[in-house]
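Per the working numbering, numbering through the sequence shown is continuous, rising by one, with the last residue being 130. Idealized CB from N, CA, C, for every residue including glycine. The structure displayed is predicted, hence computed values, not measured ones. Step one of this worksheet: look at the structure below.
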Amino acid sequence: MIKAVHIEDEARNIQLLKTLIETHCSNIYLAGNASSIPDALALIRETKPQLVYLDIELNEGTAFDVLDQLKDMEFKVIFITAYNDYALKAFKYNSIGYLLKPICTEELIAVNNRAEKELCDPMNNLHAL
């Protein structure tokens with residue numbers, strides 16, 4: 002099972018992702034969510050997730066502001082955003098996925114399967130050495 006957190010500043014999107022993961026992605030355990038940059042930093046440092054679902058535009062900054070402060074942490078990122086303008090920059094931040102809102106269930110399942118393969122497959126971990 003993959004431990005994940007969700008960083009999102011819109012309550013309906015938090016609930017939507019939670020429902021989609023509970024319904025379609027049994028390999029993911031959501032350990033919490035945060036809606037602000039300070040809360041996101043605290044949650045990630047506290048829970049040490051393997052995977053972070055991260056909205057790019059947050060109320061007081063961007064996902065990149067969060068990631069720039071967590072360079073010492075090891076986790077994969079799935080960006081979830083309404084904007085495709087950030088895609089190129091997103092892949093420079095250890096991203097394994099970029100989902101556009103509204104979230105397509107099939108794309109969520111596919112990116113979670115990719116995350117599981119990268120995070121749980123011992124052969125993939127050998128390549129990182």
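Range of the contiguous beta strand (DSSP E) that encloses residue i
i, result
"I137", "One cannot answer for residue 137 here, as it falls past the ends of the chain, which runs 2 to 130."
Bridge-paired residues (DSSP) for residue i
i, result
"A5", "L31 and L52"
"L101", "T82"
"L42", "Its beta-bridge partners do not exist; DSSP assigns none."
"E47", "Looking at the DSSP assignment, E47 forms no beta bridge with any residue, so it has no partner."
Integer-rounded CB distance, given that residue j should sit under 8 Å from residue i
i, j, result
"K77", "I97", "5 Å"
"L55", "I29", "L55 to I29, Cβ: 14 Å. No contact."
"K19", "L31", "6 Å"
"E9", "I15", "5 Å"
"K4", "Q51", "5 Å"
"L71", "L42", "7 Å"
Extent of the continuous alpha helix (DSSP H) run through residue i
i, result
"L109", "T106 to C121"
"E134", "Look at the range of the chain in this structure, 2 to 130, and you will see that residue 134 is not part of it."
"D73", "From DSSP, D73 is part of no alpha helix (DSSP H); its letter is neither H nor E."
"F65", "A64 to D69"
"K93", "Run containing K93: none; DSSP gives neither H nor E here."
Contact under 8 Å by Cβ, residue i with residue j
i, j, result
"I110", "C26", "yes"
"I79", "G62", "no"
"V67", "G33", "no"
"Y99", "A116", "no"
Chain-order list of residues whose beta-carbon lies under 7 Å from that of residue i (same chain, five-residue window excluded)
i, result
"M2", "N28 and Y30"
"N85", "L101"
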